[in-house]
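Q: Numbering (the working numbering), first residue to last: 223 to 614. Where a beta carbon is used, it is the ideal one built from N, C-alpha and C, also for glycine. I have a structure here, written as structure tokens, and I will follow up with some questions on it.
What follows is the structure, encoded as structure tokens:
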């Protein structure tokens, strides 16, 4: 279904800090792409740190940003924010909320219902089985106190993969789940900078294979599993460089540094910190393998990023999109153990032609299946259906 007219959509967005992970990236890419296609997009947020500098400049092809007050305790909206959001929501075809755990979404969704404005909630993998096993009692209580009502009264609960819908539906049994992949901005990947930029910036030895991890440094991402895999491969005589790019939890980061030191891996495993822009693309290109031994991942932006740079990937069934990734021929799916990852890494490093073939399949798959024009059309259809839905 193609929308018959441009749509006006508001996002109540999380703080725009890219260091916080994929949700921020998802909102930025979706808003930007929908604006390019003529839709009127406004992002309401209280933190614009990493919002694109050319947004909110009056250009009709970019989103507008509405600065609201930070929510008070328990997500309570200030009177000033309620006034701003009421004016915004009343002018919209639909409102889009992100994550079930942002406390301010509950009163904002209630405001939508009072105004008769339909809304969509993207849950971003946060109701997956693994996620719900973490601090489970607190999350169940939060759902009972309002989040379940927010989800069940939404025009749609948005999931990015069938696996996510299957796992999450139990938490909003009366709700309407729908699957649409996230928008992935492929433009930066059409013309890549080449590996030399990263090799010079991070002193990477071009003569040795590179295994790259690029994501938040968090226990759920399994960085400790990858370090253990590096130790196993070192003991087998596999001379590879392991590069860990990203920032995250300080306590866990220190644990990883200690793990590297105690295993005498300082010459093989390095932590690079946050890498952005052209250096990030170049770093992907400098890698022979991309490894993400995660416990849980929703869409996992870093996976299509790596594939778009022609790098074969290894990940786990903790990624909601693992069936699609495996079927593309670009990604090996392994158990979340050091031995399984060591074996998969060795398999690809020992067969360079296979790795190159997988990388090319990955790039072709991303450019074909994640074309933002096609995906943004599916969001437009979602919003149009929502706009015809009476807020319940």
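1) Evaluate contact between the segment 245-256 and the segment 300-316, counting only Cβ atoms and requiring at least three cross-stretch pairs below 8 Å.
2) Could you check what DSSP says for residue 617 in three-state terms: helix, strand or coil?
3) Scan the segment 265-316 and note each continuous beta strand (DSSP E) run of 3 residues or more that stays entirely inside, going in chain order.
4) Would residue 502 be called buried (16 or more neighbouring beta carbons within 10 Å of its own) or exposed?
5) Along the chain, where does the alpha helix (DSSP H) containing residue 506 start, and where does it finish?
6) Which class does residue 531 belong to by DSSP, given the choice of helix, strand or coil?
7) Less than 8 Å between the C-beta atoms of residue 474 and residue 439, yes or no?
8) Looking at residue 257 and residue 274, is the spacing between their C-beta atoms short of 8 Å?
9) Give the C-beta separation of residue 530 and residue 588 to the nearest angstrom, bearing in mind that I take them to be a contact with Cβ-Cβ under 8 Å.
10) Taking just the CA atoms, how far does residue 348 sit from residue 561?
11) Note down, one range per segment and in chain order, each beta strand (DSSP E) of at least 3 residues found wholly within the segment 413-465.
12) Taking the CB atoms as reference points, tell me whether residue 352 and residue 558 lie closer together than 8 Å.
13) Is it buried or exposed, residue 312, if we count other Cβ atoms within 10 angstroms and call 16 or more buried?
14) Which partner residues does residue 341 have in the DSSP bridge list?
15) Which whole-angstrom value is the C-beta distance of residue 698 and residue 542, which I expect to be below 8 Å?
16) Quick one: grab the DSSP three-state call for residue 494.
17) Would the segment 575-582 count as touching the segment 225-241 if we require 3 or more Cβ pairs under 8 Å?
18) Just to check my reading of the structure: residue 432 and residue 426 have Cβ atoms closer than 8 Å, yes? What is that Cβ distance to the nearest angstrom?
19) Under the DSSP definition of a beta bridge, which residues are partnered with residue 537?
20) Where does the unbroken beta strand (DSSP E) through residue 379 begin, and where does it stop?
21) Quick check: the Cα distance between residue 387 and residue 393, rounded to an integer number of angstroms?
22) Do residue 403 and the ligand HEM come close, with the Cβ less than 7 Å from some heavy atom?
23) Does DSSP put residue 567 in a helix, in a strand, or in coil?
24) Does the beta-carbon of residue 489 have 16 or more other beta-carbons within 10 angstroms, so that it is buried, or is it exposed?
25) Look at residue 255 and residue 534 and say whether their C-beta atoms are less than 8 Å apart.
26) Under a Cβ-count criterion, where at least 16 other Cβ atoms within 10 Å of its own Cβ denotes burial, should residue 628 be classed as buried or exposed?
27) Using only the alpha-carbon positions, how far apart do residue 413 and residue 507 sit?
28) With H, G and I counted as helix, E and B as strand and the rest as coil, what does DSSP make of residue 223?
29) Based on DSSP bridge pairs, tell me the residues matched to residue 399.
30) Do you know how far the Cα of residue 548 is from the Cα of residue 288?
31) Enumerate in chain order the residues of its own chain whose CB-to-CB distance from residue 499 is below 6 Å, with the five nearest sequence positions on each side excluded.
32) Leaving out five residues on either side along the sequence, give the residues of the same chain with a beta carbon under 7 Å from the beta carbon of residue 555.
33) Just to confirm the assignment, what range does the alpha helix (DSSP H) spanning residue 231 have?
A: Quick answer:
1) Segments in contact, no.
2) Residue 617 falls outside the range modelled here, since the chain spans only 223 to 614, and no answer is possible.
3) 286-289
4) buried
5) 499-508
6) coil
7) yes
8) no
9) 5 Å
10) 28 Å
11) 432-436
12) no
13) exposed
14) 317
15) Lying outside 223 to 614, the shown extent of the chain, residue 698 is not represented and no answer is given.
16) strand
17) Not touching, per the Cβ criterion.
18) 6 Å
19) 514, 555
20) 378-381
21) 10 Å
22) Although the ligand HEM was asked about, the structure shown includes no ligands whatsoever.
23) Residue 567 falls in the helix class under three-state DSSP.
24) exposed
25) With respect to the 8 Å criterion, residue 255 and residue 534 are not classified as neighbours on the basis of their beta carbons.
26) Outside the displayed range of the chain (223 to 614) lies residue 628, so it cannot be described from this structure.
27) A straight-line Cα-Cα distance of about 12 Å links residue 413 and residue 507.
28) Confidence is the limiting factor: at residue 223 the pLDDT is only 44, short of 50, which leaves the residue's position unreliable and the question unanswerable from this model.
29) 379
30) 40 Å
31) none
32) 537, 538, 539, 544, 548
33) Taken as a continuous stretch (DSSP letters only), residue 231 belongs to no alpha helix (DSSP H), being part of the beta strand (DSSP E) at 230-234.
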